[in-house]
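First residue of the sequence shown: 390, per our numbering; consecutive thereafter. Ideal Cβ positions, reconstructed from N, Cα and C, are used throughout, including at glycine. Structure, as structure tokens:
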Amino acid sequence: MPIVVTVHPLIEAAGRHGELPSWSCLSGPRREHAERVTALIGEWNLALAVPEAEQIRRRAAGMLHDALKDVPPDDLRRLVPGEWPDALLHAPAAALQLREEGIKDEELLLAIQYHSVGHPEFGALGEQLYMADYLDPGRDFGAEGREALRARMPDAHDEVLVSVARGRITARLEADAPVLEASIQFWNRIIDA
Ligand SMILES: [Fe+2]
């Protein structure tokens with residue numbers, strides 16, 4: 390008997406058609422950000438000749454990562470256990486909501502939960518989402534440096550990943566903002582690589 394792997398319809402809709410679930414809450418510009426992140430991930434995986442089902446799964450992570458970005462932090466805090474700074478709450482909240490919807494893809498859920506901070510257990514999907522979210526050409530900081538990093542993808546994945554992590558973590562330090570334990574462990578893992 391052949392093994393039939395069924396893809397969750399929500400992943401199929403997001404990854405193949407760029408559709409968001411009904412419960413998503415993100416404004417027009419933020420949806421456009423999600424679409425650009427998805428396009429970057431799509432570009433990289435096409436260049437890498439990743440199998441189509443995996444391309445859809447990775448694009449779905451791009452489309453869904455900010456699905457709850459516009460929910461007020463106080464509402465998100467009621468849903469999310471543990472200590473998360475306000476600005477980061479939407480990420481674990483989206484992962485929780487996707488789990489509620491029956492998605493059991495732990496790698497995808499981890500990628501979404503830690504998409505802006507990094508996690509030592511990230512695989513290719515988590516690393517790509519972490520980079521694409523930062524390298525979105527629509528963001529208004531460090532345009533030149535980020536353009537140069539985009540131009541090196543997907544071939545220079547490991548070096549670009551270190552540059553993106555350095556940029557993300559440095560920004561937290563310069564803002565006197567907390568750096569999560571997971572970010573530090575992620576950093577230590579990737580500079581060891
Ligand atoms: Fe994002």
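Could you check if residue i belongs to the surroundings of ligand 1, using beta carbon to heavy atom distance under 7 Å?
i, result
"Asp455", "yes"
"His546", "no"
"His422", "yes"
"Asp459", "no"
"Asp522", "yes"
"Val553", "no"
"Val426", "yes"
Can you name, in chain order, every residue of its own chain whose Cβ lies under 7 Å from the Cβ of residue i, other than the five neighbours on each side?
i, result
"Gly404", "Ile445, Arg446, Arg448, Ala449 and Met452"
"Ala521", "Val426, Leu429, Ile430 and Gly451"
"His508", "Leu499, Gly515, Ala571 and Phe575"
"His504", "His454, Ala480, Leu518, Tyr519 and Asp522"
Once you ignore the five residues that flank residue i on each side, which residues in its own chain have a CB closer than 8 Å to its CB?
i, result
"Ile492", "His397, Leu399, Ile400 and Leu498"
"Pro567", "Pro474 and Arg561"
"Ile501", "Ala450, Leu453, His454, Ala480, Ala483, Ala484, Leu487 and Leu518"
"His370", "What is shown of the chain runs 390 to 582, which leaves residue 370 out entirely."
Thinking just about the alpha-carbon of each residue, which of the options is nearest to the one in residue i?
i, options, result
"Ala482", "Arg466, Ala532 and Asp494", "Arg466"
"Asp581", "Leu514, Val551 and Ala571", "Val551"
"Tyr519", "Ala480, Leu437 and Pro418", "Ala480"
"Met542", "Cys414, His406 and Ala436", "Ala436"
"Thr364", "Gly527, Arg528, Glu548 and Val506", "Past the edges of the chain, shown from 390 to 582, lies residue 364, and the structure says nothing about it."
"Arg557", "Leu524, Arg539 and His546", "Leu524"
"Ser416", "Val439, Glu441, Val460 and Ala438", "Val460"
"Ile577", "Glu510, Glu495 and Gly534", "First, the residue type needs correcting, since residue 577 is Asn and not Ile in the sequence shown. Of the listed residues, the one whose Cα sits closest to Asn577 is Glu510."
"Ile579", "Thr395, Val549, Arg528 and Asp565", "Val549"
"Arg535", "Glu421, Pro440, Arg419 and Val553", "Val553"
"Glu443", "Glu489, Pro418 and Ala513", "Ala513"
"Asp544", "Glu424, Asp494 and Ala438", "Ala438"
Excluding five sequence neighbours on each side, which residues of the same chain lie with their C-beta closer than 6 Å to the C-beta of residue i?
i, result
"Glu533", "none"
"Arg539", "Leu524"
"Cys414", "Leu457, Asp459 and Val460"
If contact is defined by three or more beta carbon pairs under 8 Å, each pair taking one atom from either stretch, is the segment 418-438 in contact with the segment 466-486? no
Flag this pair as touching only if the segment 456-467 and the segment 406-425 have three or more C-beta atom pairs under 8 Å; answer yes or no. yes
In the segment 535-564, which residue ranges form an unbroken alpha helix (DSSP H) of at least 4 residues, counting only runs that do not cross its ends? 546-563
4-residue-minimum alpha helix (DSSP H) runs that sit fully inside the segment 450-495, ordered along the chain: 462-468 and 479-489
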